[in-house]
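I have placed the structure first, in the form of structure tokens, so that the comments after it can refer back to it.
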Amino acid sequence: RGIQLSITEFYRST
Amino acid sequence: MLELRLLQGSLLKKVLESIKDLVTEANFDCSATGFSLQAMDSSHVALVALLLRSEGFEHFRCDRNISMGMKLVNMAMMLKCAGNDDIITIKADDGGDTVTFMFESPNQDKIADFEMKLMNIDSEHLGIPEAEYQAIVRMPSSEFARICKDLSTIGDTVIISVTKEGVKFSTKGDIGTANIVCRQNATVDKPEDAIIIEMKEPVSLTFALRYMNSFTKATPLANIVTISLSSELPVVVEYKIAEMGYIRFYLAPKIEE
């Protein structure tokens with residue numbers, strides 16, 4: 146149920 | 023040259039047990055700040071950040087910043103060979119391709135060396151900015167683990183909602199539904215039994231229980247868990263590691279289709 150978001154959508158690569 | 027001597031070796035054993043199923047391989051970074059790790063699970067849904075501060079080690083020598091790639095199941099296997107009361111020393115040479123774990127029994131009558139091959143890991147490092155959370159829940163880590171375990175027998179996802187009434191954990195599955203509400207209770211005898219809810223605004227988010235259950239493997243590290251929630255952000259599930267640092271799990275939410 147629902148769409149699983151990815152952690153990389155929230156935090157930027159350094 | 024790197025040499026880190028940790029009197030309470032069991033802490034490192036517990037750290038590995040808590041992350042080895044979530045992350046297969048990771049770079050451990052060592053600098054003057056301490057021994058740290060940041061890694062995502064293979065599907066990039068969850069992220070773990072570990073910090074063991076240099077001050078927490080009985081001896082901490084790290085001549086230059088070093089990043090050591092390790093397969094976590096292998097590291098966990100080696101650390102399982104250390105006794106719970108053993109002192110653990112992590113040793114590595116600059117530019118070397120191995121790391122040595124040395125285990126000393128408390129009365130120094132047994133000393134073991136385990137050398138493990140390092141690996142090159144191309145991992146993405148993410149910048150996690152400081153954030154204001156709409157709600158922060160502090161609760162006994164064992165209670166949180168129990169809730170996640172119980173709910174996962176009913177459903178795959180948990181809705182965590184914080185309101186003035188308290189924090190509610192809900193799930194839905196083929197056989198039915200479940201709701202567990204925990205109210206703030208700051209007046210208990212022992213502070214580690216308290217449930218403390220700091221709410222700026224009500225918040226409700228949905229998460230995969232599989233990951234939450236995996237995070238609760240860190241329960242032996244801390245009596246208290248802190249859950250920070252904000253509607254536009256991943257949840258942060260934090261276990262403080264006594265006087266040394268923390269292990270933080272970040273989990274991206276699920277949204278309606």
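Chains Y and U, in that order, are what the protein sequence lines are. Taking the numbering used here, the leading residue of the first sequence gets 146, the next gets one more, and so forth. Taking the numbering used here, the leading residue of the second sequence gets 23, the next gets one more, and so forth. Ideal Cβ positions, reconstructed from N, Cα and C, are used throughout, including at glycine.
Contact check for E126 (chain U) against I150 (chain U) fails: the beta carbons are separated by 8 Å or more. When the beta-carbon positions are compared, L38 (chain U) and Y272 (chain U) stay at least 8 Å from each other. Assignment of beta-bridge partners to Y261 (chain U) by DSSP yields U:V247 and U:I269. For V121 (chain U), there is no enclosing alpha helix (DSSP H); the enclosing beta strand (DSSP E) has its first and last residue at T120 to E126.
For secondary structure counted as the alpha helix (DSSP H) over 4 or more consecutive residues, the stretch 93 to 123 of chain U holds these complete runs in sequence order: 94 to 101.
With contacts defined by Cβ atoms closer than 8 Å, S163 (chain U) and Y261 (chain U) form a contacting pair. Per the C-alpha coordinates, the member of U:Q30, U:R75 and U:E47 positioned closest to M266 (chain U) is U:R75.
Distances from the CA of S192 (chain U) to each of U:A216, U:I158, U:T228 and U:I218 were compared; the closest alpha carbon is that of U:T228. Within the stretch 52 to 84 of chain U, M62, H66, V67, A68 and L69 place their CB atoms closer than 7 Å to a CB of chain Y, listed in sequence order.
Remark: three or more beta-carbon pairs, one from each stretch, lie closer than 8 Å, so the stretch 30 to 46 of chain U and the stretch 232 to 243 of chain U are flagged as touching. At a Cβ-Cβ threshold of 8 Å, S158 (chain Y) and H147 (chain U) count as neighbours.
When C-alpha distances from V247 (chain U) are compared across U:V159, U:H81, U:N87 and U:G56, the shortest belongs to U:V159.
Taking CB atoms only, K113 (chain U) has no neighbour in chain Y less than 8 Å away. In the DSSP assignment, E279 (chain U) falls outside any alpha helix (DSSP H) and carries neither an H nor an E. Against chain Y, the beta carbon of I277 (chain U) has neighbours under 7 Å at G147, I148 and L150, listed in chain order. Taking a cut-off of 8 Å for Cβ pairs, the stretch 123 to 137 of chain U and the stretch 52 to 61 of chain U do not touch, as fewer than three such pairs fall below it. When C-beta distances to chain Y are compared with 7 Å, the residues of the stretch 142 to 163 of chain U below that value are E146, H147, L148, G149 and I150, in chain order.
When rounded, the separation of the alpha-carbon atoms in I219 (chain U) and D131 (chain U) is 48 Å. Scanning chain Y for C-beta atoms nearer than 7 Å to the C-beta of Y272 (chain U) yields I152, reported in chain order.
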